[in-house]
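Read through the structure below, which is laid out as structure tokens, and then see the notes.
Protein chains: 2
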Amino acid sequence: MVSLGSDNKSGMRLSESLEDYIEAIHKLIQEKKVARVKDIARLKGVRMASVSDAMRKLGERGLVKYEAREYIELTPEGTELARKVRVRHELLHWFFKDLLRVSAVNSEKDACTVEHALSDEGVDKLVKLYEYFHLHPERQKKLLEFLDAGSSSSNGPYVLPTVCTDKARLSDLKPGQSAKVLQIRSKGAVRQRLIDMGMLPDTQIFLERKAPTGDPIWIRMKGFQLSLRLAEADDVQVCLIDAFKDSPSESEA
Amino acid sequence: MVSLGSDNKSGMRLSESLEDYIEAIHKLIQEKKVARVKDIARLKGVRMASVSDAMRKLGERGLVKYEAREYIELTPEGTELARKVRVRHELLHWFFKDLLRVSAVNSEKDACTVEHALSDEGVDKLVKLYEYFHLHPERQKKLLEFLDAGSSSSNGPYVLPTVCTDKARLSDLKPGQSAKVLQIRSKGAVRQRLIDMGMLPDTQIFLERKAPTGDPIWIRMKGFQLSLRLAEADDVQVCLIDAFKDSPSESEA
DNA sequence: TACGTAAGGTAGCCACGCCTAACAGGAGGT
DNA sequence: ACCTCCTGTTAGGCGTGGCTACCTTACGTA
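Line order of the protein sequences matches chains A and B. Numbering of the first sequence is given in my numbering, commencing with residue 36 and proceeding in unit increments. Numbering of the second sequence is given in my numbering, commencing with residue 36 and proceeding in unit increments.
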């Protein structure tokens, strides 16, 4: 899928791994003035032998100046690429850590893996998103308040804004009714499970039936069936869909 | 880096490629009722032989029901994984295409490559972002207006909001002054170049010197020097940093 | 019945990126 | 001088995931 040719010129796309090496070298040169095989190996979590291989390849592609047993330097082309990669990294790190409030460990990991797989246009637009929230700190504050609400402590301080007139909890639905997902206010494993099942905002849900006792309910969503405990359905905010509201005043909402 | 063991149970993390196969099978079953080797190969852009190999591996891991020369089915575990993967795909596609307004081709491509490289927490937070903008359509509208402004047609309909009292254009800086980047309003290749150089919002810039004629200017940013044409610097909105403002009233801004 | 064709499987090859093991050179201690 | 430690290189091996080339199976039809 990555398909590297033997062409050494800069037109050839680099594999993720080699891009990582470039990034590591750049970082080391900035921090410690020189980049040595040992340090690159430690930074990247590989053996020195692997670094030697990689340096030879990067040397052939004209991205690093590599003479055996000497300090490793980046060529101008390599430096250019390194900056590009590091910008992506920074940008994604900002996005995950500072905007989405992903934990430090995961935001670093996600930034690392995603940075190789993003088009120039994607980077460009992400920068715009950055600019947007940088220019409108009050809007970023609102978003962060929303993200923080319910993510850690409190269960109900965040009040659902009035955006949908027919809003209800999924547990309020009657068999035969349809609704669209507004917000999944569940936490932890339950939330993860619902998301994994395909429950995203705007997903259409059809309540097929309820158990006689009313507790497990069966819903249809994106073509497959799913049973839910009432307690789980309680935390899912939905918006009733008129076309399917057969009984106008039955929903207690 | 991916390191698959021979363990067939579901605890083992799948490689990107195998995850793609699962996704493709799921898609084909939904669309055409059955998944055949030939169709999977076409969808994934590989030869049938490669699909055969992959099916054997997935069969060993208990994710697909694979009997030679018969239709390929997903086991319950496989279906679960498939849904998870497709949710990621959908989510990222929404993010790139509908929120960031990345072009159709690139948003699909980015979603495809990024979907394998995102932690559960990253997915979770991305869903929250989705919920946020879904619940606050007026805020999403503002963001989209910002993203669209200058991205395609107009050069100056978007007015920089008053968020920084000392705002100026980068071209207004005097040698010796420092500033922080607010927004890069350049377009196309120039914007790309500045971003690649590491110019993100909040980046600190120091104007080292100007050419006698004033046109090329040299700035220092993140430890390296960079020369800019005045026309390029004109489109970069910055915020002066007080500590470095030696001459209080010189900046015309 | 025999045969052609298309779908699919098997074997063997290669690139990549990692590994371990063994070897090479230089700096300092004795 | 010699030994030792540390750094780095080379050689060879392995798993993954592609590929080509060839074989098998099923099926339709002359």
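We put the beta carbon where it would ideally sit given N, CA and C, even for glycine.
| message | Based on DSSP bridge pairs, tell me the residues matched to Ser262/B. | response | Trp253/B
| request: Please classify Val69/B: does DSSP put it in a helix, a strand, or coil? | output: coil
| said: Counting only Cβ pairs nearer than 7 angstroms, list the residues of chain B close to Glu300/A. | reply: This structure gives no information on residue 300/A, because the portion of chain A shown stretches from 36 to 288.
| query | Does the stretch 132–145 of chain A come within contact of the stretch 152–159 of chain B, defined as at least 3 CB pairs closer than 8 angstroms? | reply | yes
| query | With burial defined as no fewer than 16 other Cβ atoms inside 10 Å of the residue's Cβ, what is the status of Glu105/A: buried or exposed? | reply | exposed
| task | Can you tell me which of the three DSSP states Ile230/A falls into? | result | helix
| query | Name the chain B residues whose beta carbon is nearer than 7 angstroms to that of Tyr165/A? | reply | Leu235, Pro236
| Are Phe241/A and Ser213/A close, meaning C-beta to C-beta below 7 angstroms? | yes
| Is DSSP giving Ala203/B helix, strand or coil here? | strand
| task | Tell whether a beta-carbon distance below 7 angstroms holds between Val99/A and Ile107/A. | result | yes
| request: Could you check which residue in Leu179/B, Glu243/B, Val216/B, Leu135/B has the C-alpha nearest to that of Pro210/B? | output: Glu243/B
| request: Please check if any C-beta of chain B sits within less than 7 angstroms of the C-beta of Glu66/A. | output: no
| query | Can we say the stretch 233–240 of chain B touches the stretch 159–178 of chain B, given the rule of at least three CB pairs closer than 8 angstroms? | reply | no
| Does any C-beta atom of chain A lie closer than 7 angstroms to the C-beta of Phe130/B? | no
| Quick one: which chain A residues come within Cβ less than 7 angstroms of Lys222/B? | None at all; the shortest Cβ gap to chain A is about 10 angstroms.
| query | With burial defined as no fewer than 16 other Cβ atoms inside 10 Å of the residue's Cβ, what is the status of Gly113/A: buried or exposed? | reply | buried
| query | Residue range of the alpha helix (DSSP H) that Lys132/B falls in? | reply | No alpha helix (DSSP H) contains Lys132/B, which DSSP labels as neither H nor E.
| said: Arg118/B and Val158/B - do their beta-carbons sit closer together than 7 angstroms? | reply: no
| field | Beta-carbon neighbours of Gln218/A, restricted to chain B and to distances below 8 angstroms | value | Glu166, His169, Leu170
| said: I need the straight-line Cα distance from Ser206/A to Lys163/B, nearest angstrom please. | reply: 21 angstroms
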